[in-house]
Amino acid sequence: MNPLDSLPVKAPWRSRDSVLVFSTIVPDPDIPGNNLLLINDFSEVVQIGTFRYDWFQVKELKVVTVLFRTKPSNDALADPSDNPVYFYVSLRTGGNFSFRTDLTLRRDNLTLSGSNDFPPGGQAINYHVPDTSRWHTYRVTMNEQDVKVYLDEQPDPVIDGKTYGTDPGADHFRIGKQTKDKPYGGYFDWFLIYEGETYAPGEGPAIPEGYLVDSPVGINKIVKRDNPEAINIFPNPSTDHVNLSFRQENNGMAIIDIYDITGQKVITPVQRFLQQGSHEITITTDHLTSGIYLLSVNGKYARFIKK
389 MNPLDSLPVK APWRSRDSVL VFSTIVPDPD IPGNNLLLIN DFSEVVQIGT FRYDWFQVKE
449 LKVVTVLFRT KPSNDALADP SDNPVYFYVS LRTGGNFSFR TDLTLRRDNL TLSGSNDFPP
509 GGQAINYHVP DTSRWHTYRV TMNEQDVKVY LDEQPDPVID GKTYGTDPGA DHFRIGKQTK
569 DKPYGGYFDW FLIYEGETYA PGEGPAIPEG YLVDSPVGIN KIVKRDNPEA INIFPNPSTD
629 HVNLSFRQEN NGMAIIDIYD ITGQKVITPV QRFLQQGSHE ITITTDHLTS GIYLLSVNGK
689 YARFIKK
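Encoded structure:
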């Protein structure tokens, strides 16, 4: 989980070009105590600038999932021309031979393209995004050339194609202003980055409670992947241990994983055969630092707090 709520940015993020000139942290008008990253440039100065996140968990990363929440700035919405860019993001994976995916939203046109700088390029893919004036959450999965883009955690991708762009030696995620002669204005709230895995909506670690996603009809909802009837955790908050009760639907392996709030797996305390039926298991947590954790039982999630 990368909230990007402070400037200048700190590792693993870094700024490139002049992005700090036209970027600022602003209070969220809708969520008290929440901050937003505003990248906004409507000046007459020709400049570009991006924030860059270098992949560091997996060397020469080829597979990645990135989620982010964004909406246009007021300046971008008010611009009478068709020029404003609402957001630009770029995923570059693979090390010495890197595949590159650029995702750009201009007005209501979402475009997926490769690199214009390196061959072989390839044809862009476009999608009409309804009501771009409000918050949307985008999920991008990239497995070498294969790219899928999901909107607002809906189960079917709005873009499912390939990137033919390359960027030799690049291995990072980039956001910001890439086109010098275009006005740019967009807010970013948070990023979820899973290195080395592709997760469609509903798969993988859950989006933590409290992070809002707009539904297709424009009503805020909380994305909540845990099923309280399937997994019960107590005590919660915990100190040196947690007990969990759950039901095994069939005879087979039970795999219990614990993830930290960034989505990184911390430990797999249980991996053994269990009979069908209800079970109660105690897991030691005294080695975990204080914070919020996600506990997965065979792909079903629940949250607990370690004091």
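So the sequence shown is numbered by my numbering: it starts at 389 and just counts up by one. Don't be surprised by glycine CBs; every beta carbon is placed ideally from N, CA and C.
*asked:* Going by the DSSP bridge assignment, what does N531 pair with across the sheet?
replied: Counting from 1 along the sequence shown, the entry for residue 531 is found at position 143. Answer is V451, D534, bridged to N531.
*Strand pairing of V517, partner residues [DSSP]*: Within the sequence shown, the letter at position 129 stands for residue 517. Looking at the DSSP output, V517 bridges to nothing.
*Could you give the C-beta distance for H524 and D540, rounded to a whole number, given that I count them as a contact under 8 Å?*
By one-based count along the sequence shown, residue 524 stands at place 136. By one-based count along the sequence shown, residue 540 stands at place 152. Taking 8 Å as the upper bound for CB-CB distance, H524 and D540 are in contact here, some 6 Å apart.
*Could you check where the beta strand (DSSP E) with L465 kicks off and where it finishes?*
Residue mapping note: residue 465 aligns to position 77 of the sequence shown, counting from 1. Unbroken run through L465 is the alpha helix (DSSP H), 462-466; no beta strand (DSSP E).
*When burial is assigned at 16 or more other CB atoms within 10 Å of the CB, is G606 buried or exposed?*
In the sequence shown, the residue the question calls residue 606 occupies position 218. Its pLDDT being 34, under 50, G606 is placed unreliably in this model, and the value from its coordinates should be taken loosely. Residue burial annotation: G606 is exposed, with fewer than 16 other C-beta atoms found within 10 angstroms of its C-beta.
*Tell me, please, whether the segment 558-571 touches the segment 422-439 by the rule of three or more beta-carbon pairs shorter than 8 Å.*
Pairwise C-beta distances place the segment 558-571 in contact with the segment 422-439, as three or more of them are shorter than 8 Å.
*Which term fits V409, buried or exposed, when burial requires 16 or more other beta carbons within 10 angstroms of its beta carbon?*
Along the sequence shown, one-based indexing puts residue 409 at 21. So V409 ends up on the exposed side.
*Best match in D463, L491, D496, N514 for proximity to S503 [C-alpha to C-alpha]*: If you number the sequence shown from 1, residue 503 lands on position 115. Here the closest residue by C-alpha is L491.
*Please name the residue, chosen from L479, Y515, T656, that lies closest to M641 on a Cα-to-Cα basis.*
Within the sequence shown, the letter at position 253 stands for residue 641. Minimum Cα distance to M641 is reached at T656.
*Could you give the C-beta distance for K695 and T627, rounded to a whole number, given that I count them as a contact under 8 Å?*
Residue 695 sits at position 307 when you count from the first residue of the sequence shown. Residue 627 sits at position 239 when you count from the first residue of the sequence shown. Indeed, because the Cβ distance is near 5 Å, the residues count as touching under 8 Å.
_In this structure, how does DSSP classify L539 when only helix, strand and coil are distinguished?_
The residue you call residue 539 lines up with position 151 of the sequence shown. L539 falls in the strand class under three-state DSSP.
*asked:* So, at 8 Å on beta carbons, what are the nonlocal neighbours of D470 in its own chain, with the 5 sequence-adjacent residues on each side left out?
replied: Residue numbering aside, residue 470 sits at position 82 when the sequence shown is read from its first letter. R494, R495, listed in sequence order.
*asked:* Could you check whether D463 and N423 sit closer than 8 Å to each other, using their CB atoms as the reference points?
replied: Looking up residue 423 in the sequence shown gives position 35. Looking up residue 463 in the sequence shown gives position 75. Against a cut-off of 8 Å, the Cβ pair of D463 and N423 comes out as no contact.
_According to DSSP, is V407 part of a helix, a strand, or is it coil?_
Taking the sequence shown and counting its residues from 1, the one referred to as residue 407 is at position 19. When secondary structure is reduced to three states using DSSP, V407 falls in the helix class.
*asked:* List, from N- to C-terminal side, the beta strand (DSSP E) runs of 3 residues or more that fit wholly inside the segment 474-503.
replied: Runs of the beta strand (DSSP E) inside the segment 474-503: 487-494, 497-501.
*Can you say whether N484 is buried or exposed, counting buried as having 16 or more other CB atoms within 10 angstroms of its CB?*
Stepping through the sequence shown from its first residue, residue 484 is reached at position 96. Counting Cβ neighbours within 10 Å, N484 comes out exposed, since fewer than 16 surround it.
_Option in W401, S486, L395 with minimal Cα separation from M530_ = Walking along the sequence shown from the start, residue 530 turns up at place 142. Of the listed residues, the one whose Cα sits closest to M530 is S486.
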